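Reading the sequence shown from the start, the letters are residues 7 to 545 in the numbering used here.
Yeah, the Cβ is synthetic: ideal placement off N, Cα and C, and Gly gets one too.
A quick note: this is a predicted structure, and the numbers were derived from the prediction, not measured.
Right, one structure below, let's go through it.
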Amino acid sequence: MSPPKNVIVADSDIYVVEPETLQRLRQLAADSPLKRSRICLHRTSDDPIQEMVILFDRDTYVRVHRHRNKSESFHVVEGLLQVIFFDDQGVETQRISLGAPGTGRPSLYRLACDAWHTVLVESDWGVIHETTNGPFVPGDAQFAPWAPDGNDAAEATVFLESLRTGSPRQSGPAGSAGTNPADSRGAELVVDAKPSSSLRSPTLTTIICNYNHGRSISRAIEAMLTQSRPADEFIIVDDGSTDDSLTIIRSWVEKYPQIRLLVNERNLGFHASFQRAITVATGDFVYSGAADDRILPGFFAGAMQLAEQYPSTGIISGQFVSVDPLGQPLGTSGLKNIHQAIFLEPSRYLHEVLEVEPATHSLSAATLFRRIPLIEIGGCPQELESWGDTFAIQTLGLRHGFCYWPFPAMEWTINPGSLSQETRSNPLKGMRILERAKQWMRSERFRNDFPEDYVERWSQDFLRCIVHEQLSPAIEGNQAFQKSCRRVAATASPPARLLLLCLCNVMRVLYFVTFRVMRRAATRRLRQMYMAEEASKGV
7 MSPPKNVIVA
17 DSDIYVVEPE
27 TLQRLRQLAA
37 DSPLKRSRIC
47 LHRTSDDPIQ
57 EMVILFDRDT
67 YVRVHRHRNK
77 SESFHVVEGL
87 LQVIFFDDQG
97 VETQRISLGA
107 PGTGRPSLYR
117 LACDAWHTVL
127 VESDWGVIHE
137 TTNGPFVPGD
147 AQFAPWAPDG
157 NDAAEATVFL
167 ESLRTGSPRQ
177 SGPAGSAGTN
187 PADSRGAELV
197 VDAKPSSSLR
207 SPTLTTIICN
217 YNHGRSISRA
227 IEAMLTQSRP
237 ADEFIIVDDG
247 STDDSLTIIR
257 SWVEKYPQIR
267 LLVNERNLGF
277 HASFQRAITV
287 ATGDFVYSGA
297 ADDRILPGFF
307 AGAMQLAEQY
317 PSTGIISGQF
327 VSVDPLGQPL
337 GTSGLKNIHQ
347 AIFLEPSRYL
357 HEVLEVEPAT
367 HSLSAATLFR
377 RIPLIEIGGC
387 PQELESWGDT
397 FAIQTLGLRH
407 GFCYWPFPAM
417 EWTINPGSLS
427 QETRSNPLKG
437 MRILERAKQW
447 MRSERFRNDF
457 PEDYVERWSQ
467 DFLRCIVHEQ
477 LSPAIEGNQA
487 FQKSCRRVAA
497 TASPPARLLL
507 LCLCNVMRVL
517 YFVTFRVMRR
527 AATRRLRQMY
537 MAEEASKGV
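What follows is the structure in structure tokens.
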């Protein structure tokens, strides 16, 4: 008997699953009504070990079932998924979140009892390597009478969505210690202990604060609405726009009534608008996107998978791609030494992120905040201007931990007139932010979050960054000179090359000496300007 069309049977003693093999599985699954495919690595159904590579589409419905006198184990090769367990009445008892290596989730699981269970795929595709004891006997699996049989696609889809939203009947905390779906030999995670997700999946509110961005607001809204994992709530705050922004936004609201529009009668600024939005929001996590920026596909899905795995985290950050006003890429920003999805507890966040990255480093444009802790610290302090959101990020990370999603999450448009760019071009404004930030970090409210040695190092580094921004023409000029010397020397005759390289080294030494003098002078001048400004306020 030939195997079904969505099944591949291993035809050699040494069988290698190549990337091309997985691609073939995807095509077979796409063509199958069951939305799944598999490779049978065992030769016959009588083999004592039944071993398979199974690929699931995100919309695959795995009928709730159990096996008598069998055990099963599998590890995740690709994607993210959950194994969900039920009691005899169909009440959910446990949920295990799994993922391929590098996702920050456990990847290996074993079930040694006859518990009712199903698999829920969270990513576009999920691939597992499953092993169970043979022989395979048709009809051996028992199917739950209270779950859809899969013949009615609409009924199965409704059941899947109820699992995604956590609305089936439930009892007890999911994944809690000692909770097993049947007896004391219940599901095992063959990994180090990991935080487990709650029964109710975390929810997400997305926010756009708009002021006179009629030319770009539609692009930002569309990017939010077309995420593969859409937000549970979408709030737009129009901050007293005087262009056609409000008209454009209202046209989107008419088309998508799930958008909630808040209108400020006058311009209050970003911080006040954002504070208004997070106060009325209902999501567990909030993301604020600028009206001239664009969220990239897949970010919400990846970030909320981390939120489900680590629901107590304070923040979840991804990378961002800087683009000019014409949309041309300028570079991608992330973390220097972290290249995988990860959760860092507060102490590791301090040592592995804050103490490693430059003082002015911020992933705020690509960050989800846990909403209630954000409100508890007062949101993003308006007194800190463009650095207010970064202060909130650091505070929440130092209190609750930090998740990193190591992929481009959004496009950040660098406009000369933006709040952040205005700060970069105005050293005195940067100095004001520096001094105020030090006061906030050392205040009674936050001093336990920010160690004093970190505050001191951070303030020195921040000041150095401000000064270097002032001296960037000199830095860029030296770099251009050194590059030109090396380019000319590469094609010159040996005597001329030696002369040019000597000249290059002499100029490098002169530059370093001169730059140190310039930096000290610029630092002294900036401090004097700041002190004069502060003194004038007291007059």
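The segment 219-231 touching the segment 250-267, judged by at least three CB pairs closer than 8 Å: yes
Whole-angstrom Cβ separation of Leu117 and Glu78, contact assumed at under 8 Å? 5 Å
Let me know if Cys508 comes out buried or exposed under the rule of 16 or more other beta-carbons within 10 Å of its beta-carbon. exposed
Count the C-beta pairs between the segment 379-387 and the segment 278-287 that are closer than 8 Å, then say yes if the count reaches three, no if not. yes
What residue range is occupied by the uninterrupted beta strand (DSSP E) comprising Phe375? 373-376
Coarse secondary structure for Pro144, derived from DSSP in three states: coil
Residue nearest to Arg525 in terms of C-alpha spacing, selected from Ala502, Leu469, Met537: Leu469
Please report the distance separating the alpha-carbon of Gln311 from that of Ile227. 22 Å
If we ignore side chains and look at the alpha-carbon of each, how far apart do Trp131 and Glu84 end up? 7 Å
Would DSSP call Cys386 helix, strand or coil? coil
Can you give me the C-alpha to C-alpha distance between Tyr293 and Glu358, rounded to a whole angstrom? 24 Å
Please report the straight-line C-alpha distance between Val68 and Ser465, rounded to a whole angstrom. 55 Å
Arg111 to Gln315 span [Cα, whole Å]: 7 Å
Is the Cβ-Cβ distance between Pro331 and Gln233 less than 8 Å? no
Per DSSP, what are the beta-bridge partners of Glu475 in this structure? Glu475 pairs with nothing; no bridge assigned.
Less than 8 Å between the beta carbons of Pro412 and Gly340, yes or no? yes
Contact set for Ala498: own chain, Cβ-Cβ below 7 Å, skip 5 residues either direction: Leu506
What residue range is occupied by the uninterrupted beta strand (DSSP E) comprising Trp446? Per DSSP, Trp446 belongs to no beta strand (DSSP E); it is in the alpha helix (DSSP H), 433-447.
For His135, which three-state DSSP category applies? strand
In the DSSP assignment, what residue or residues form a beta bridge with His81? Leu114, His135
Below 8 Å on the Cβ atoms is my contact criterion, and I expect Ala307 with Arg377 to pass it. Report the Cβ-Cβ distance as a whole number of Å. Not confirmed; about 19 Å, so no contact.
My output table needs one value for Leu87: the three-state DSSP class, helix, strand or coil. strand
Give the DSSP-derived three-state secondary structure of Asp37 in the structure shown. helix
Just mark Asn5 as buried or exposed, buried being the case when its beta carbon has 16 or more other beta carbons within 10 Å. Absent from the structure is residue 5, since the part of the chain shown begins at 7 and ends at 545.
For Thr66, does the three-state DSSP call read helix, strand or coil? coil
Which residues in the same chain have their Cβ closer than 6 Å to the Cβ of Thr285, if we skip the five residues on either side of it in sequence? none
Applying the criterion that 16 or more other CB atoms from any shown protein chain within 10 Å of the CB defines a buried residue, is Gln445 buried or exposed? exposed
Out of Val243, Leu28, Leu231, state which residue places its alpha-carbon closest to the alpha-carbon of Lys261. Leu231
Under 8 Å between C-beta atoms of Trp122 and Arg72: yes
Round the Cβ separation of Thr401 and Phe452 to the nearest angstrom and send it over; I've been treating them as touching at under 8 Å. 6 Å
Taking 8 Å as the threshold (C-beta atoms), are Tyr410 and Ala365 in contact? no
Check whether the segment 124-141 and the segment 80-97 are in contact - that is, three or more C-beta pairs closer than 8 Å. yes
Beta carbon of Arg442 nearer than 8 Å to that of Leu380: no
Please name the residue or residues paired with Tyr410 in a DSSP beta bridge. Ser323, Ile348
Ranges of the alpha helix (DSSP H) found wholly within the segment 462-530, counting only runs of at least 4: 478-497
Going by the CB atoms, is the gap between Asp299 and Ala371 shorter than 8 Å? yes
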